[in-house]
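As structure tokens, the structure follows; a few thoughts come after it.
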Amino acid sequence: MNDIDWHRMPTLAALRAFEATARCGGFSAAARQLNVTHAAVAQQVRALEDEIGVRLVWRDGRMLRLTPEGEKLGQALTSGFVTMQEGLAALRDDARHKPLTVTLPPAFAAEWLMPRLARFWKRHPDISLSLLPDRQVVDLRHSGAAMGIRFGDGHWQGVQAVFLTPAPQVVVGAPELLAGRAKLTLAEMAALPWVREQDWPEQMDWLKSIGLHPAKLRFTEFPNEELALSAVREGLGLHLESAALVEDDIASGRLVQICELSHESLGYYAVFPPGPVSIAAQAFTTWLKAEL
Numbered sequence: 279m280n281d282i283d284w285h286r287m288p289t290l291a292a293l294r295a296f297e298a299t300a301r302c303g304g305f306s307a308a309a310r311q312l313n314v315t316h317a318a319v320a321q322q323v324r325a326l327e328d329e330i331g332v333r334l335v336w337r338d339g340r341m342l343r344l345t346p347e348g349e350k351l352g353q354a355l356t357s358g359f360v361t362m363q364e365g366l367a368a369l370r371d372d373a374r375h376k377p378l379t380v381t382l383p384p385a386f387a388a389e390w391l392m393p394r395l396a397r398f399w400k401r402h403p404d405i406s407l408s409l410l411p412d413r414q415v416v417d418l419r420h421s422g423a424a425m426g427i428r429f430g431d432g433h434w435q436g437v438q439a440v441f442l443t444p445a446p447q448v449v450v451g452a453p454e455l456l457a458g459r460a461k462l463t464l465a466e467m468a469a470l471p472w473v474r475e476q477d478w479p480e481q482m483d484w485l486k487s488i489g490l491h492p493a494k495l496r497f498t499e500f501p502n503e504e505l506a507l508s509a510v511r512e513g514l515g516l517h518l519e520s521a522a523l524v525e526d527d528i529a530s531g532r533l534v535q536i537c538e539l540s541h542e543s544l545g546y547y548a549v550f551p552p553g554p555v556s557i558a559a560q561a562f563t564t565w566l567k568a569e570l
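The sequence shown begins at 279 in the numbering used here and counts up by one.
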């Protein structure tokens, strides 16, 4: 393929004006199609003629006719613009049928999203999702994901972040562990066993913020959040968790909320790689905001 010499290429506006003039048969018809004035089209065509040094149109009374050179250029431009239009249409069609790939924390996927996913598809049956659960923060550009859902303060390099909802943390326990109690003192919480997941040091800082001493608590540690939540539901200990992930458990009575820790800077965010956001990603984000 030959390289394009953009320095010698006329402006797109001038080429588009002449292509429409040649195809539609006059300045007025071209102006209506391009939604500009008759004078603007005529000016662009005259500028194109001056730039390339070739007469493209001539008037025959009230009619506008193409010169042989104008007919040749008009056909080439129409063919080129049609090829461009077909290529863009194919890309848009591919984008519409390509699944929306979303990275997100595994526990958020399992505990919050999956029970609600049918509601999303009922509203948007044309949008398919490909979920990529991962405990680590995934680089959207390298993974090819269209978007991600992240927990944190919204400050991550290399992405656009859209706030979805605050994410207060709550201490919860199974009813049988609490023996009918709905509230516990710090001493009572310290006397009970606890469940925690690995690699979450902030969890210990939050427990300190309510007056507990993590070093004195009896923890059973699990490798991930999903197993920790399963253990809590079985009554193996108290647990500090994001309220969004246990709201259904609390509403059903499967877990009891003991206390809440609010951190204004923390929340769930939708994140996107730099650049335009697809219509599917926008629709999914809007739905997440409404549900959370």
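Note that beta-carbon positions come from the ideal geometry of N, C-alpha and C, so glycine has one too. Please read these numbers as outputs of a predicted model, since none were measured by experiment.
Considering only their Cβ atoms, is the gap separating Gly-303 from Leu-334 smaller than 8 Å?
As a first step, residue 334 must be located in the sequence shown, where it is residue number 56. As a first step, residue 303 must be located in the sequence shown, where it is residue number 25. Not closer than 8 Å, so no.
Report the rounded CA-to-CA distance for Pro-453 versus Glu-538, giving the unit in angstroms.
If you number the sequence shown from 1, residue 453 lands on position 175. If you number the sequence shown from 1, residue 538 lands on position 260. Straight through space, the alpha carbons of Glu-538 and Pro-453 are spaced by roughly 17 Å.
Specify, as a first and last residue, the run of the beta strand (DSSP E) that Asp-338 falls within.
In the sequence shown, counting from the first residue as 1, residue 338 sits at position 60. Annotation: the continuous beta strand (DSSP E) that includes Asp-338 extends over 335 to 338.
Just to confirm, is the Cβ distance from His-316 to Ala-325 under 8 Å?
Mapped onto the sequence shown, residue 316 falls at position 38. Mapped onto the sequence shown, residue 325 falls at position 47. Cβ atoms of His-316 and Ala-325: not closer than 8 Å.
Contact defined as beta carbons within less than 8 Å: I believe Gln-438 pairs with Val-549. What is the distance between those atoms, to the nearest angstrom?
To locate residue 438, count along the sequence shown from 1; it is residue 160. To locate residue 549, count along the sequence shown from 1; it is residue 271. Going by Cβ atoms, the distance from Gln-438 to Val-549 rounds to 7 Å, so yes, they are a contact pair.
Counted within 10 angstroms of its Cβ, other Cβ atoms place His-517 as buried (16 or more) or exposed:
The residue labelled residue 517 in the question sits at position 239 within the sequence shown. Burial call: buried.
Thr-379 versus Thr-563, Leu-570, His-285, Ala-468, residue with shortest Cα-Cα distance:
Position 101 of the sequence shown, counting from 1, holds the residue named residue 379. Out of Thr-563, Leu-570, His-285, Ala-468, Thr-563 has the C-alpha closest to the C-alpha of Thr-379.
Beta-carbon proximity of Gly-430 to Leu-418, cut-off 8 Å:
Reading the sequence shown from its first residue, position 152 is the one you call residue 430. Reading the sequence shown from its first residue, position 140 is the one you call residue 418. It is not a contact, given that the beta carbons lie outside the stated cut-off.
Pick helix, strand or coil for Ile-536, following the three-state DSSP scheme.
Taking the sequence shown and counting its residues from 1, one reaches residue 536 at position 258. Strand at Ile-536.
Could you check the C-alpha separation between Arg-394 and Phe-441 for me, to the nearest Å?
For the purposes of this step, residue 394 is taken as residue 116 along the sequence shown, with counting starting at 1. For the purposes of this step, residue 441 is taken as residue 163 along the sequence shown, with counting starting at 1. Looking at the backbone, the Cα of Arg-394 and that of Phe-441 are separated by about 19 Å.
When the Cα of Glu-389 is compared with those of Asp-526, Ala-558, Ile-557, Ala-561, which residue comes out closest?
As a working mapping, residue 389 is identified with position 111 in the sequence shown. Of Asp-526, Ala-558, Ile-557, Ala-561, the residue nearest in Cα terms is Asp-526.
Compare the Cα-Cα distances from Lys-376 to each of Lys-567, Ser-556, Leu-570 and report the closest residue.
The sequence position of residue 376 within the sequence shown is 98, counting from 1. For Lys-376, the nearest C-alpha among the options comes from Ser-556.
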